[in-house]
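Quick note, the sequence shown lines up with residues 25 to 1161 if you use the numbering used here.
C-beta: ideal position from N, C-alpha, C; glycine also.
Each remark here refers to the structure printed beneath this line.
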Amino acid sequence: MWLKPDEILLKNAFKLWVTEEDNEYFVLQRRRGYGEGGGGLTGLLVGTLDTVLDSTSKVAPYRILHHTPDSQVYWSIACGVTKEEIVQHWEWLQQNIMRTLSVFDSSEDITSFVQGKIRGLIAEEGKTSLVLEEDPEKFREALLRFEKWFELPPKEKLVTYYSCSYWRGKVPCQGWLYLSTNFLCFYSYLLGAEVKLIISWDEIWRLEKTSNVILTESIHVLVHGEDHYFSMLMHLNETFVIMEQLADYSIKRLFDKEAFQREPALSDPLQITKRGLEAHAKSEQFRTFFRLPKEENLLEVHESFLWVPFSHYNTLGKICLSESYLCFASQDGSQCHVIIPMREVINVEKSDSGNRALTVCVRGKRALRFSEVRDYQRLANTIRSRCGISASPQHSASSEAIRGECQSLINHFEDNPEDVTLMVGQKDSSKAVSTEALMTVFHPQDVENLDPKMLKEKMKEQSWNIHFSEYGRGTSMFFTRKTRDLIVRGVPEALRGELWMLFSGAVNDMATHPGYYTDLVEQSLGTSTLATDEIERDLHRSLPEHPAFQSDTGISALRRVLTAYAYRNPKIGYCQAMNILTSVLLLYAKEEEAFWLLVAVCERMLPDYFNRRIIGALVDQAVFEDLIREHLPQLVEHMTDLSFFSSVSLSWFLTLFISVLPIESAVNVVDCFFYDGIKAILQLGLAVLDYNMGALISCHDDAEAVTILNKFFDSVTNKDSPLPSTVKQASVTSTDTASRFNVDISELIREAYEKYGNIRSEDVESSRKRNKLHVIQTLEDTTKQNVIRVVTQEVRFSPSHLDGLYNLFKRQHFLCCYWTMKSPALLHHDPSLAYLEQYQLGFQQFSVLFSLLEPWAFCSAKSALSLWVFRLIDENQDGLVNFKEFCYALDTLYSGSFTNKLKFLFKLHLPPAFTGSPLHLKEQRIQHFIPVTEDSSHLSRLSAFDLPQDGVIKKSPERGRGKVDLQAYLKQWQNEILKKEETIKDLPRIDQTQFIQFSKTLYNIFHGDPEEESLYRAVAHVTSLLLRMEEVGRRLQEASSLSESSKPANGAAAADEEEPSTEEASTTPESSGTSSSRNSQDAGIDLTEMEWSFSFEQVLASLLNEPTIVRFFERPVDVQTKLGQARVAQLKLKANK
């Protein structure tokens, strides 16, 4: 590898290098302790020194130095891992550089020329892969070490590396931590002790920062029950964040593809860089904070001051710019932020350069003034270009008018902060089928009604109107502490739908997709899928006590919204709890608004909640448990098993407390959720447990605790709700009891914010990432245990051996997914399938794994054998092998009797496993493994071998798009129940071509065995014996045929008497064509050319007479050793491909 020229004062410092070759301008050296002569003590010391000091010589024991005769300074210009590599560089220098150097007069010119040439070579090498790295030269050296030490496939992308200590027990090993796209790797070499660690990101159960007495601060990684600690990191926080991002990236890509498909920035695992991960994390945080669509990315960040008219002062914060939004968030503790869609901006003006300010004018007669922006001119131009605002001379008249209007607004704000113009947000006309919220239809407000509740409702509306007059209204409203205070007190019924749209960001989705919902309703109308069936079943279970859903108006609107969303997002389709949530949304929002609110909840605010595995809800339950341990220690002391709260709180998270609270109280919780996100639900959950702390501590079992919580929720009321009694849910408890113990929802929410409002959203997101690893791995472990429980009933492997086999099987599935997003195995992996079908191998993956685990270590022609085994065990002929089928084959070959093993080999040479001469094996593979395009996936039946290269065919439709063929599943289940045990008499006879290949297979299996020669002789003896038996049988048949032809009168009767039974045919060494020998002779065909065949009993009886062969097949296999060797070789085999 060519190196950036680096000056070396002493070419042989401490005598660590030995000169191999030299000339007038170059020296080729070898590191002492490497190559010829061995290492000894010198080699140990040099190796340790190289690792600790991060010297490239540890992986590059050869180097080339440049020097001039009249100088003592040497320059390192190349290094090499092997002598062949460094010699290649040396020869290139001799052929391309040496002749040119003779024309220079001075040493300085020679050195400059050589350095320029080397830098040019490096630039050419690094044009493609290293341009995104911060320090390409150092990264090249680190990449060289990474490839040398860990021998991973060349496609594996190194992201970054750090110096650290890895703790083996209580002993730290100083070395280097390498973080790549799919692996966490560590290497250390101290005094001859080499420590090498390779961990797949998808195997990690827990990743967290820890500290204790010995380790002040370290990173803890839990993998398959083993703890790994890394400390002494110079940038521990940075390292942990990168590790967290890579682990999350791997989990999403391999296990949780619904979430991953929404992130195109990470679509190519070969292009992941540290800088790209950091940018993606910032964009994700930016979108979450400002509730922006998933298409938005953080492009620019500028520090500035924003003039806040209602407070009459400048607040310090950051301007965040994306493709379609200009956002600002304060950093001075005022909790002020504002979101300005670019579509609302009408002009951008730059003030005098003294205060580096710019003014953004938006629709609704509002202007925002940013000052002390370092690069304010470029920012102004960027905003203009994104808004499509022209600053050309032909528009000068209109620009002057707008400038004057903006300046007058600014002056007015500065002089009269208490008299801010009321800005009313403009709304587009809705094209939804229903243009009114159901609450306004079924419970219109009586303006003349002046009862106390209505008066309080009017007071709330007045408070919000004052807030709008001060802080603005609509998409560019200021969000402050006062906004949250009003939310906690309760949102008035008339404003609820508008504020939900604003706080969730759904207002922006609807504004940028006009007519989208109407088109979806038309497209999804009349479709019949599994999702629509489930929707129809749950329609009348959605708030059945509310008058709106006792009529066709509400039911039809609910049907349209749910069906349209299932059509939009078939990965989710429809999930229980979505109907309850959508019902409440329809009460306060128009139909189209309710649809976009559902989109915001399912795809942004509650990610991964509404799918078959409800991963998001399980993750938030784990976060909730962590918060209980932190904030309610008394409850933890009494109830050490917090899983009870997870089971109880599942409905709280899935329905935002709607399913457990009366509707008039639940909507207040939804108010807080749309403003603060999941943090509001967590706070309220803690407040509920805190309120019932005494009763929960004194209860004796889980059932009593559930009763306590249910009674509490029944007692929660909303004393300010103006809803009539026909709308409110009836309390289960009696009136007297309820009035004595009633809890007002506003008080409960206020208490939750006072006690637990210090929970930061950033901490919640961090806890989500940490717990997601554990939740995913727990689900995967459950899948594994269920698969093993099914398989263990049919094989003789122990549970521990099955566990190891499953890990190998699953890892082989992932090995075809690590370095590409196009892998069919990855694209079609569906966690919603039956346990056995979640992980399956196509032929390519099966062939690799089978070659590692087959019992015959020296078997040649492994590819042919793998192909036949794959075809044999693929019973449904879909081009996929599941774990049960794989274990069946290995169990037969490892633990089966001699007869069963021989029967398995015999069946390998019968259709469908063997289909012709092995000479045409390549043609067979091409023909039988033709890639199938997506367009052909609709075919209900495929030929036995018409499958993709990796053998993956979608076996079930995506949720929401098609129905599951239950009849096919029932038929398959019935066939498995009725399937009888196969006997050796059921096997067909083996013909000439098949028997020849069977003999060759035996030779290949015996190849390399210590008793190879005697085994070969035994096979030859058996083959000769069978052929002699066949010859005798043929002569007898020929004589019988001649005698029959001399008695034509009795031919028919003789034919009937000669007809053998099935059992006789199986034991008589006759050819398969014998029954037609009379006709053949009459037709003049030579009998000696007829093909011959053997039954399995004949082959078995002949081989049983050879003790050498019997001993070979009955030789026990050390399964544990085999599994250990396969684990080590699995990744290396992929790397060498």
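> What are the boundary residues of the alpha helix (DSSP H) that Y1172 is part of?
Replying inline: No answer is possible for residue 1172: it lies beyond the span of the chain, which begins at 25 and ends at 1161.
>> Measuring alpha carbon to alpha carbon, tell me which residue in Y777, L659, L706 is nearest A719.
In response: Among Y777, L659, L706, the Cα nearest to that of A719 belongs to L659.
>> Here's the rule: buried if 16 or more other CB atoms are within 10 angstroms of the residue's CB, otherwise exposed. What is Q1061?
In response: With 16 or more other Cβ atoms within 10 Å, it is buried.
>> Would the region 673-689 count as touching the region 633-641 if we require 3 or more Cβ pairs under 8 Å?
In response: Touching, per the Cβ criterion.
>> So, with DSSP's three-state summary, where would you put S552?
In response: If DSSP states are grouped into helix, strand and coil, S552 belongs with coil.
> Among K298, H361, S335, which residue has its Cα nearest to the Cα of F310?
Replying inline: Across the set K298, H361, S335, the C-alpha of H361 shows the shortest separation from the C-alpha of F310.
> Any contact of the region 815-835 with the region 898-913, i.e. 3+ C-beta pairs under 8 Å?
Replying inline: A contact exists between the region 815-835 and the region 898-913.
>> Which residues does DSSP list as the beta-bridge partners of W191?
In response: P196, per the DSSP bridge assignment.
> In chain order, what residues of the same chain have a beta carbon less than 8 Å from the beta carbon of P823, not counting five sequence neighbours either side?
Replying inline: Excluding residues within five positions, the ones whose Cβ falls inside 8 Å are I812, T816.
>> The alpha helix (DSSP H) that contains F1163, what's its start and end?
In response: The chain is shown only over 25 to 1161; residue 1163 falls outside these bounds and no answer can be derived.
> Using the rule of at least 16 other Cβ atoms within 10 Å of the residue's Cβ for burial, across every protein chain shown, is E132 buried or exposed?
Replying inline: When all chains shown are included, E132 counts as exposed.
>> Please confirm whether T184 has its beta-carbon closer than 8 Å to some beta-carbon of chain C.
In response: No chain C is part of this structure, which consists of one protein chain only.
>> Once the 5 residues before and after P516 are set aside, which same chain residues still bring their CB inside 6 Å of it?
In response: Excluding positions up to five away in sequence, the list reads E481, K484, E485.
>> Report the CB separation of W488 from A613 in whole angstroms; it is logged as a contact under 8 Å.
In response: That pair is no contact at about 17 Å.
>> Can you check which of these residues, S1064, S100, T499, Y86, is closest to P106 by C-alpha distance?
In response: It is worth fixing the name first, because residue 106 is Thr in this sequence and not Pro. Minimum Cα distance to T106 is reached at Y86.
>> Counting C-beta neighbours from all protein chains within 10 Å, is the total for I721 16 or more, i.e. buried, or is it exposed?
In response: Using a 10 angstroms sphere on the CB of I721, the tally of other CB atoms stays under 16, which defines it as exposed.
> Using the beta-carbon count (16 or more within 10 Å), is P29 buried or exposed?
Replying inline: In this structure P29 is buried. Its beta-carbon is surrounded by 16 or more other beta-carbon atoms within 10 angstroms.
> Grouping DSSP H, G and I as helix and E and B as strand, with all else coil, what is L18?
Replying inline: As displayed, the chain neither begins before 25 nor continues past 1161, which places residue 18 out of reach and without an answer.
> Is I1008 closer than 8 Å to E1121 when the C-beta atoms are compared?
Replying inline: Inclusion of E1121 and I1008 in the CB contact set at 8 Å is warranted, their separation being smaller than that value.
> How should A353 be labelled, buried or exposed, when 16 other C-beta atoms within 10 angstroms of its C-beta is the threshold for buried?
Replying inline: Burial state of A353 is buried, judged by a 10 Å Cβ sphere holding 16 or more other Cβ atoms.
> Which residue's Cα is closest to the Cα of Q836: Q864, N810, V814?
Replying inline: Ranked by Cα distance from Q836, the options Q864, N810, V814 are led by Q864.
>> So, at 7 Å on beta carbons, what are the nonlocal neighbours of N692 in its own chain, with the 5 sequence-adjacent residues on each side left out?
In response: Excluding residues within five positions, the ones whose Cβ falls inside 7 Å are G514, N742, I769, S770, I773.
> Quick one: complete alpha helix (DSSP H) runs, 4+ long, within the region 471-552?
Replying inline: If we require 4 residues or more, the alpha helix (DSSP H) runs fully inside the region 471-552 come out as 476-495, 505-513, 520-528, 530-536, 540-548.
>> Can you give me the C-alpha to C-alpha distance between R15 and Q869, rounded to a whole angstrom?
In response: Only positions 25 to 1161 of the chain appear in the structure, and residue 15 is not among them; the question remains open.
> Who are the Cβ neighbours of V512 in its own chain at under 6 Å, not counting the five residues just before and after it?
Replying inline: Excluding sequence neighbours, V512 sits near I773, R774, Y777.
> For Y633, does the three-state DSSP call read helix, strand or coil?
Replying inline: In the structure shown, Y633 falls within a coil segment according to DSSP collapsed to helix, strand and coil.
>> Can you tell me where the alpha helix (DSSP H) holding F736 begins and where it ends?
In response: Secondary structure note for F736: its alpha helix (DSSP H) is the uninterrupted segment 726-739.
>> I need the straight-line Cα distance from M501 to K374, nearest angstrom please.
In response: In a straight line, the C-alpha of M501 is about 23 Å away from that of K374.
> Of all the options F1019, I1020, P1131, which has the alpha carbon lying nearest to the alpha carbon of E1035?
Replying inline: Distances from the CA of E1035 to each of F1019, I1020, P1131 were compared; the closest alpha carbon is that of P1131.
> Would the beta-carbon of L330 fall within 8 Å of that of N338?
Replying inline: Yes, the pair counts as a contact, with Cβ atoms nearer than the cut-off.
> Which word fits P1058, buried or exposed, when buried means at least 16 other C-beta atoms lie within 10 angstroms of its C-beta?
Replying inline: It should be noted that the sequence gives Arg, not Pro, for residue 1058. Under this definition R1058 is a buried residue.
>> To the nearest angstrom, how far is the alpha carbon of E546 from that of G498?
In response: Cα to Cα, E546 sits roughly 30 Å from G498.
>> Only counting the same chain, and skipping five residues up and downstream in sequence, which positions put a Cβ closer than 8 Å to that of W20?
In response: The chain is shown only over 25 to 1161; residue 20 falls outside these bounds and no answer can be derived.
> Roughly how many whole angstroms lie between the Cα atoms of C188 and M258?
Replying inline: Just so you know, the alpha carbons of C188 and M258 end up roughly 8 Å apart.
> Who are H244's beta bridge partners in DSSP?
Replying inline: Bridge partners of H244: E232, Y253.
>> For P935 and Q801, what's the separation of their Cα atoms in angstroms?
In response: Rounded to the nearest angstrom, the two C-alpha atoms are 41 Å apart.
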